[in-house]
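Student: First, the structure itself, so that you have it in front of you.
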Amino acid sequence: MIRTSAAAALVLALASPAVAQDFEGHIKARQGMFRIMAINLGIIGDMAKGETEYEAEMAQTAADNLVAVSGINPLVLFPEGSSNEAVEGTRALPAIWENTGDVGDKWAAFGTAASDLQAVAGDGREALGPALGPVGDACSSCHDEYRESND
Amino acid sequence: MRRTVGAALAALLLAGGVGLWLTRATPADAALYEDLDGDAEAGEQVFVAAGCASCHHAPDAEGEAKRVLSGGQRFASDFGTFVAPNVSPHPEAGIGDWSLAEFASAVTRGVSPGGAHYYPAFPYTAYVRLEPATVADLWAFWQTLPQDATPSETHEVGFPYNIRRGVGLWKTLYLSEDWIRPADTPELERGRQLVEALAHCGECHTPRGALGALDTDRWLAGAENPSGDGRIPSLRPADLDWSKSDIAYYLESGFTPDYDTAGGHMVAVVENFAQLPAADREAVAAYLEALPE
Numbered sequence: 001m002i003r004t005s006a007a008a009a010l011v012l013a014l015a016s017p018a019v020a021q022d023f024e025g026h027i028k029a030r031q032g033m034f035r036i037m038a039i040n041l042g043i044i045g046d047m048a049k050g051e052t053e054y055e056a057e058m059a060q061t062a063a064d065n066l067v068a069v070s071g072i073n074p075l076v077l078f079p080e081g082s083s084n085e086a087v088e089g090t091r092a093l094p095a096i097w098e099n100t101g102d103v104g105d106k107w108a109a110f111g112t113a114a115s116d117l118q119a120v121a122g123d124g125r126e127a128l129g130p131a132l133g134p135v136g137d138a139c140s141s142c143h144d145e146y147r148e149s150n151d
Numbered sequence: 001m002r003r004t005v006g007a008a009l010a011a012l013l014l015a016g017g018v019g020l021w022l023t024r025a026t027p028a029d030a031a032l033y034e035d036l037d038g039d040a041e042a043g044e045q046v047f048v049a050a051g052c053a054s055c056h057h058a059p060d061a062e063g064e065a066k067r068v069l070s071g072g073q074r075f076a077s078d079f080g081t082f083v084a085p086n087v088s089p090h091p092e093a094g095i096g097d098w099s100l101a102e103f104a105s106a107v108t109r110g111v112s113p114g115g116a117h118y119y120p121a122f123p124y125t126a127y128v129r130l131e132p133a134t135v136a137d138l139w140a141f142w143q144t145l146p147q148d149a150t151p152s153e154t155h156e157v158g159f160p161y162n163i164r165r166g167v168g169l170w171k172t173l174y175l176s177e178d179w180i181r182p183a184d185t186p187e188l189e190r191g192r193q194l195v196e197a198l199a200h201c202g203e204c205h206t207p208r209g210a211l212g213a214l215d216t217d218r219w220l221a222g223a224e225n226p227s228g229d230g231r232i233p234s235l236r237p238a239d240l241d242w243s244k245s246d247i248a249y250y251l252e253s254g255f256t257p258d259y260d261t262a263g264g265h266m267v268a269v270v271e272n273f274a275q276l277p278a279a280d281r282e283a284v285a286a287y288l289e290a291l292p293e
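Structural data, given as C-alpha cells:
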C-alpha cells in the first residue's frame, strides 16, 4: 500500500507540469482497462445469472484476470488535466485529482474483492453471486464519486 | 372617490384572500390515521424502498451508520441548494416528538407540524400516493431508529424561492395523488407502487418544466441532472433495451447487461433495491416494460 501511494505521488508529480496535452492515448488505455474488467466480470456474471453454463476453468481465468488488472496502478492512466472538464471523450470527474488517496483506497478495495472472487471462482456456480457482489460495490463506490453520471 | 377606494380595498382583500387560500398548507386528514397501529417490520421494507436514509444519513456515513438520519447532505438544484434535515427520532434535533398524523402530513403532503410548506426536494409529490397504513408502518419502524442530536442546517435558497408560501401555490398546481400509469395485474400494481410512490424514480428520471414540476407526458423519459453531472437516462422501452431479467439483476447487483456499474445517486438506489425481495425488483422491471415506447 505504501509503495502504491508513493508510486501514485510520483506519477502525479511527473504529470503535474503537463499543460493542454493530448491525452487520447491515456483515455483509450484507461477505458480499455475498464473494458477488460467488464468483459471478465461479464463471463462470471452471466454464469452467476444462469445465462451461460458454469465452467470452472473459464470462471477461474476471468477472476484471475480481474486480480491481474487490480495490480495495475490506475493513476498512471489519469494524468492531471485529463478530466471531463478539460478534455472530450471522458467521464472522469475532476474530483479524482482532489482525492487521489481515496481513489487509491477504492482501487485497493476492488483488488481485495477480486481476490476473494478468485478464491471461490472454481467452486461452482453458487459461489459466484455472493463473491461478485463486493466487486460490483467496489466499482460503484468509485463511479459514485468520480465518474460523470451519463452521456 | 370613497367608493373607488372601497372597491380597490375589497379587490385587494379578495386577491389577498385568494392568494392566502391558494398558498395555504393542507395537512393530511388526521382522521385517516387515528386508529392505525403500524407494523415496524413491514415499515422497514417501506423505509428501504422509499430510500429515506439515502438522503437523510450523514454525508459520509457507511454501513449501519446510514440508519442514523442526522441529515446534512446537500442537494443542488436550479432553485438553490437544499440541505437534508435531521429526521432521526431525537425529540429536539429530529422528529421524535411528532404524532403519526404529523409525520403523515410531512411525508405525503409536505406540510410541517407548524403548518409550513416543505420544498419538493423532499419527494412528497411521490409519497402522496401512499396508503395511510403504509405510512403508519413506516412510522412504527421509525421509532426503532437511533436518535441523533446534530442540528439541521438552513437551506441555501434565494428570492423568490425562499418564500415558502409560494410552494403552496406550486402544490395547488402539481401535487396529485393520482397514479401516472394504469396497472391491471398485481405485479404491475406493486411495480407502480415502487416506481411512482416509494422509490420515487420519476423525481430524477422524468424531465421538469420551468417551475420544477414533473412533465408527466414524458414520464421516465430521461432528464437533465440537477447537480449538473451528466444526464439521467430514459427508462422508456425504446431507449432502455434491457430484458426484464437485466433490469431486475441491475437493481440487485448494480451491473448493467454489459457489466458496467451504476454511478451517482443510483448507487444508493441499487443498495436499497438489493435489500428488497426479488419479486419487487421483477415488479419494477414489469412496470418499466409496460411503459409507452
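Heads up: the sequence lines are chains A and B, in that order. Residue numbers are given in full-length UniProt numbering: position 85 of the first sequence equals residue 85, and the series is strictly consecutive. Residue numbers are given in full-length UniProt numbering: position 279 of the second sequence equals residue 279, and the series is strictly consecutive. Beta carbons are placed, not taken as given, at the ideal position from N, Cα and C, and that holds for glycine. These numbers come from a predicted model, not from an experiment.
Given that a residue counts as buried once 16 or more other Cβ atoms are within 10 Å of its Cβ, and exposed if not, what is residue 1 (chain A)?
Tutor: In this prediction, residue 1 (chain A) has a pLDDT of 45, which is less than 50 and means its spatial position is unreliable; nothing more can be read from the coordinates.
Student: Given a limit of 7 Å on CB to CB distance, which residues of the stretch 33–48 of chain A reach chain B?
Tutor: Listed by position along the chain: 38, 41, 42 and 45.
Student: Quick check on the burial criterion: 16 or more other C-beta atoms within 10 angstroms. Buried or exposed for residue 44 (chain A)?
Tutor: It is buried - the Cβ of residue 44 (chain A) has at least 16 other Cβ atoms within 10 Å.
Student: Find the residues of chain B that neighbour residue 132 (chain A), judging by a C-beta separation of less than 9 Å, and give them in chain order.
Tutor: By Cβ distance, chain B contributes 253 and 255.
Student: Does residue 180 (chain B) come out as helix, strand or coil in the three-state DSSP assignment?
Tutor: Here residue 180 (chain B) sits in coil by DSSP.
Student: By Cβ distance, which residues of its chain are closer than 8 Å to residue 24 (chain A), with the 5 residues on each side in sequence left out?
Tutor: 89, listed in sequence order.
Student: Listing by chain order, which chain D residues have their CB less than 8 Å from the CB of residue 258 (chain B)?
Tutor: No chain D appears in the structure shown, which is made up of the protein chains A and B.
Student: Starting from residue 75 (chain B), trace the beta strand (DSSP E) in both directions and tell me its first and last residue.
Tutor: Residues 74–77.
Student: Check residue 63 (chain B) in the structure and name its three-state DSSP category.
Tutor: Residue 63 (chain B) falls in the helix class under three-state DSSP.
Student: Consider the Cβ of residue 225 (chain B): report whether some Cβ of chain A lies at a distance smaller than 8 Å.
Tutor: Judged by the 8 Å Cβ criterion, residue 225 (chain B) is in contact with chain A.
Student: Give, in chain order, every residue of the stretch 108–140 of chain B whose Cβ lies closer than 8 Å to some Cβ of chain A.
Tutor: Answer set for the stretch 108–140 of chain B: empty.
Student: Taking Cβ to Cβ, would you say residue 136 (chain A) is nearer than 8 Å to residue 255 (chain B)?
Tutor: In this structure, residue 255 (chain B) lies closer than 8 Å to residue 136 (chain A) by Cβ.
Student: Can you find a CB in chain A that lies within less than 8 Å of the CB of residue 249 (chain B)?
Tutor: So yes, residue 249 (chain B) belongs to the interface.
Student: Whether or not the stretch 194–206 of chain B and the stretch 223–236 of chain B are in contact is what I'm after, with contact meaning three or more pairs of Cβ atoms, one per stretch, closer than 8 Å; do they touch?
Tutor: Segments in contact, yes.
Student: For a contact defined as C-beta to C-beta under 7 Å, what are the partners of residue 147 (chain A) on chain B?
Tutor: What residue 147 (chain A) touches in chain B: 263.
Student: Ignore the nearest five residues each way along the sequence and tell me which others in residue 25 (chain B)'s own chain have a CB closer than 7 Å to its CB.
Tutor: Here the set comprises 111, 115, 116, 117 and 168.
Student: Drop a sphere of 10 angstroms on the beta-carbon of residue 240 (chain A), count the other beta-carbons inside from all chains shown, and report buried for 16 or more, exposed for fewer.
Tutor: Here chain A comprises residues numbered 1 to 151, so residue 240 (chain A) is not present and cannot be evaluated.
Student: Using Cβ-Cβ distances below 9 Å, what residues of the stretch 52–85 of chain B are close to chain A?
Tutor: So the list is empty, because no residue satisfies the distance condition.
Student: Which residues, taken in chain order from the stretch 212–243 of chain B, show a beta carbon closer than 7 Å to some beta carbon of chain A?
Tutor: From the stretch 212–243 of chain B, only 225, 229, 230, 231, 232 and 233 have a Cβ closer than 7 Å to chain A.
Student: Please check if any C-beta of chain B sits within less than 8 Å of the C-beta of residue 20 (chain A).
Tutor: For residue 20 (chain A), the predicted structure reports a pLDDT of 48, less than 50, and the residue's modelled location is therefore unreliable. A value from the coordinates is still provided. No, residue 20 (chain A) lies away from the interface with chain B (no Cβ there is under 8 Å from its Cβ).
Student: The alpha helix (DSSP H) spanning residue 111 (chain A) covers which residue range?
Tutor: Residue 111 (chain A) -> alpha helix (DSSP H) spans 100–120.
Student: Does residue 144 (chain A) come within less than 8 Å of chain B when only Cβ atoms are used?
Tutor: Residue 144 (chain A) counts as touching chain B.
Student: Any idea if residue 16 (chain A) is buried or exposed, counting beta-carbon neighbours within 10 angstroms, 16 or more meaning buried?
Tutor: Bear in mind that a pLDDT of 47 at residue 16 (chain A), under 50, signals an unreliable position, so the number given afterwards is only what the model happens to contain. Exposed, since its Cβ has fewer than 16 Cβ neighbours within 10 Å.
Student: Round the Cβ separation of residue 289 (chain B) and residue 244 (chain B) to the nearest angstrom and send it over; I've been treating them as touching at under 8 Å.
Tutor: The Cβ separation is near 6 Å, so the contact holds.
Student: For the alpha helix (DSSP H) that contains residue 69 (chain A), what are its first and last residues?
Tutor: It spans 56–70 - the alpha helix (DSSP H) in which residue 69 (chain A) sits, taken as one unbroken run.
Student: Do the stretch 113–129 of chain A and the stretch 54–66 of chain A touch if we need at least three Cβ pairs shorter than 8 Å?
Tutor: As far as the Cβ criterion goes, the stretch 113–129 of chain A touches the stretch 54–66 of chain A, which means the pair count is three or higher.
Student: Rounded to the nearest angstrom, what separates residue 101 (chain A) and residue 107 (chain A) at their Cα positions?
Tutor: Those two C-alpha atoms are separated by around 10 Å.
Student: Who are the neighbours of residue 136 (chain A) on chain B, taking C-beta pairs under 7 Å?
Tutor: Ordered by position in chain B, the residues that pass the 7 Å Cβ test against residue 136 (chain A) are 253, 254, 255 and 261.
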